[in-house]
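Sequential numbering of the sequence shown, starting at 178, is according to our numbering.
Note that CB positions come from ideal geometry on N, CA and C, so glycine has one too.
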Amino acid sequence: MEYVDFLNSNARIVHNQVVKAGYQIIENSPYCLMAKQILALHNGREKKIYLCTQNLKNILVWSAPTGPRNVFAKSKVKQARFYMSKALTHEAVHAAQYCNNNNLIAPERSSSVVTDFKKQAIQLSLAVGGTKQREEEAYLLETNPAFVVAALKRFCF
Ligand SMILES: [Zn+2]
Numbered sequence: 178m179e180y181v182d183f184l185n186s187n188a189r190i191v192h193n194q195v196v197k198a199g200y201q202i203i204e205n206s207p208y209c210l211m212a213k214q215i216l217a218l219h220n221g222r223e224k225k226i227y228l229c230t231q232n233l234k235n236i237l238v239w240s241a242p243t244g245p246r247n248v249f250a251k252s253k254v255k256q257a258r259f260y261m262s263k264a265l266t267h268e269a270v271h272a273a274q275y276c277n278n279n280n281l282i283a284p285e286r287s288s289s290v291v292t293d294f295k296k297q298a299i300q301l302s303l304a305v306g307g308t309k310q311r312e313e314e315a316y317l318l319e320t321n322p323a324f325v326v327a328a329l330k331r332f333c334f
């Protein structure tokens, strides 16, 4: 369970809340191999969240040799934490949406401000089975772990 090292303190709180909601977290499932950019996936019916630690490490070129002072290794852990924490929080948004009968959990916040980077990410998410509105909401809320924890408590219990 290497992913635990890649979660910051807020993402750990999100993690504990999805586990309390009955979710199983599975690391490096074969589903991760569908596309090398996939960091995480959600399956509400089976109550599973997949985290693709190996894909993240490949993206960050984890095994590349580092300098004698190992500064790159340190910044890689930081980057890994940043991406994995957002990815888990993103999937936790989908968990809360699923608990809410697949409706949005913050419809009043829906925003049309979507960067090109997010547009690309949303295209990938749609390819693996999301819907546009739910994806936009998940990308909007993935940086707001406190809101996501509150939504899990509200909708999943
Ligand atoms: Zn998504």
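Contact check, residue i vs residue j, beta carbons under 7 Å
i             : j                 : result
valine 270    : leucine 318       : yes
arginine 258  : asparagine 205    : no
alanine 273   : phenylalanine 332 : yes
tyrosine 316  : lysine 295        : yes
glutamine 214 : leucine 303       : no
valine 335    : threonine 266     : Only positions 178 to 334 of the chain appear in the structure, and residue 335 is not among them; the question remains open.
lysine 256    : lysine 225        : It should be noted that the sequence gives glutamine, not lysine, for residue 256. Going by C-beta atoms, glutamine 256 is not nearer than 7 Å to lysine 225.
leucine 237   : lysine 253        : yes
glutamate 314 : leucine 281       : yes
Own chain partners of residue i with C-beta closer than 6 Å, once the 5 adjacent residues on each side are dropped
i             : result
glutamine 194 : Val326 and Leu329
arginine 311  : Gln274
glutamate 268 : Ala217, His219 and Ile226
alanine 264   : Leu216 and Ala217
glycine 221   : Tyr275
glycine 307   : none
Neighbourhood of residue i by C-beta distance below 7 Å, restricted to the same chain and skipping five residues each side
i              : result
tyrosine 227   : Ile203, Ser206, Tyr208, Cys209, Ala217 and Leu218
arginine 286   : Leu317
asparagine 277 : Phe332
glutamate 223  : none
Cβ shell of residue i (< 8 Å), same chain only, five flanking positions each side left out
i             : result
alanine 230   : The sequence as given places threonine at residue 230; alanine does not occur at that position. Same-chain partners within the cutoff: Glu179, Tyr180, Phe183, Glu204, Asn205 and Met261.
lysine 309    : Ile299 and Leu303
lysine 234    : Ser240 and Ala257
threonine 320 : Lys263 and Thr266
Rounded distance between the beta-carbons of residue j and residue i, thought under 8 Å
i                 : j           : result
phenylalanine 324 : alanine 198 : Contact doesn't hold; Cβ gap of about 15 Å is too wide.
proline 322       : alanine 188 : 6 Å
| said: What ranges does the alpha helix (DSSP H) occupy inside the region 190 to 264, keeping only unbroken runs of at least 4 residues that lie completely in it? | reply: 230 to 236
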